[in-house]
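In our numbering, the protein residues as written are 53 to 310.
Built from N, CA and C at the ideal position, the CB exists for glycine as well.
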């Protein structure tokens, strides 16, 4: 069984397309997804499918029924209005349509009990959904010497260490309490969402891994394992874990139906 894996996408509204050098005509909205997600999913036996931002209740329910697992991918900042906070200095571009769609999608996926992998923005989205908050810009967070938005380096370059809890799902995946990760985020978790448990932190205390005892098939990480996976095969183990969860959930469902 090769699980069908939905991957959330950038929603690029017409009018900003040419600014970002995307293809298409001036009056076209577009979706975009980096190939790293699809390649990582495919390399571990999943069938990757891009999820467009469509504000349609029937569409949401149909993809929940058809897909076996969901990756909430990286992207633009989440609007602080979603965690009841005023906009502060350092916030960059937000996309209200994507925010609204992905919060609805996350709610539906959690209700259906389908496996979830949150990456970067997806990691932060999960925290906000559960009532947590974000630092809108790490530049105004209490001082740290670590650079978390290391865009000056290749995408797969390790930037700092993350210490994993021994009881985390990722500890047996990496067989180590400490791993090296890349880093491409300027926001970070401030208050942790209700029911979420911190299972990994960077050297400066920034939260890097979240899990939930109430949703055991949900894992969220702040770094980008999909960007590292081609050179650092250990990062592919995150996707292998996710695919195993999807297969197990699929098998359990079939057994119940039988």
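If you look at residue 308, you'll find it isn't in any beta strand (DSSP E); it sits in the alpha helix (DSSP H) that goes 288-309. Where residue 116 is concerned, the enclosing alpha helix (DSSP H) starts and stops at 109-118. Close CB contacts of residue 270 within its chain, under the 6 Å cut and outside five residues either way in sequence, are with 168 and 264 (chain order). For residue 215, the beta-bridge partners assigned by DSSP are 230 and 253. Secondary structure of residue 102 (DSSP, three-state): strand.
Shown here for residue 176: same chain residues with a beta carbon closer than 7 Å to its own, the five before and five after excluded, namely 130, 186, 239 and 241 in chain order.
Annotated three-state conformation of residue 130 is coil, per DSSP. Nearest in C-alpha terms to residue 133, of all of 272, 152 and 284, is 152. By the neighbour-count criterion, in which 16 or more other beta carbons inside 10 Å mark a residue as buried, residue 139 falls on the exposed side. Residue pairing of residue 261 in beta bridges, as defined by DSSP: 252 and 273.
Residue environment for residue 136: exposed (fewer than 16 other C-beta atoms within 10 angstroms of its C-beta).
Judged by DSSP secondary structure, residue 83 falls within the beta strand (DSSP E) whose first and last residues are 82-84.
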